[in-house]
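> The structure that follows is given in the form of structure tokens.
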Amino acid sequence: MRKALVAIDGSDITKPLVRFAFERARKEKLQGLDFIYVFQPYPAALFPGMPIPTTIEEEHAKATRKALEAMVLKEREEAGAEKVEVSMVFPYGSPSGEIIRQAEEYPYRSIFIGHRGMGSLERFFIGSVAARVVEHAPCTVIVFRPRD
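Per numbering that gives the first Met the number 0, the sequence shown starts with residue 0, numbered consecutively.
Below, the structure is given as structure tokens:
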């Protein structure tokens with residue numbers, strides 16, 4: 000199956016990136032798009048001695064999944080790409096590491112990723128997620144930058 004991986008993070012660029020991915024999928028006759036949103040565990044250093052209740056993390060994850068799934072399906076319909084199969088993956092970990100791991104497990108034709116995202120401590124210490132994915136991905140990476 001001809002598929003692409005779309006890395007989303009819930010930032011302002013997510014919705015235009017999703018629309019772009021569906022438009023490209025239609026043009027390139029891709030059969031499916033796999034969307035990946037990586038949850039990052041709350042760093043213990045930010046909350047010393049105060050564990051985050053599991054239920055709070057679970058509720059946040061559940062709400063995030065539901066909102067992203069609804070947005071992706073709406074964008075698919077608006078892009079006229081109803082024939083493009085959609086699946087979503089929600090791992091926990093390092094965004095760039097999980098995106099690369101997912102791309103290594105499936106022979107994607109390409110990865111779509113935004114040129115910038117929400118930002119994080121990871122960006123400060125090791126550079127942007129997009130740059131790391133471009134450097135280490137096993138397939139073509141298309142870095143999306145919306146027109147202003």
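All residues carry an ideal CB built from backbone N, CA and C; glycine is no exception.
Out of curiosity, what's the CA-to-CA distance linking Thr63 and Ile12?
Distance between the alpha carbons of Thr63 and Ile12: 16 Å.
> Per DSSP, what kind of secondary structure is Arg100 in: helix, strand or coil?
It is helical.
> Return yes when the Cβ of Phe143 is within less than 7 Å of the Cβ of Arg75, no when it is not.
Contact flag unset, no.
> Does DSSP classify Leu32 as helix, strand or coil?
Reduced to three states, the DSSP call for Leu32 is strand.
> Which of helix, strand or coil does DSSP assign to Glu84?
If DSSP states are grouped into helix, strand and coil, Glu84 belongs with the strands.
> What residues in its chain sit with their C-beta under 8 Å from that of His135, if we drop five residues either side in the sequence?
Hits under 8 Å: Ser95, Ile99.
> Run through DSSP, which three-state label would Ile125 get?
Here the model assigns Ile125 a pLDDT of 40, short of 50, so the residue's position is not dependable, and the following value carries that caveat. Here Ile125 sits in helix by DSSP.
> Which residue marks the beginning of the alpha helix (DSSP H) containing Phe19, and which one marks its end?
Phe19 -> alpha helix (DSSP H) spans 13–26.
> How long is the line joining the alpha carbons of Phe111 and Ile55, rounded to whole angstroms?
Using only the alpha carbons, I get a separation of about 30 Å.
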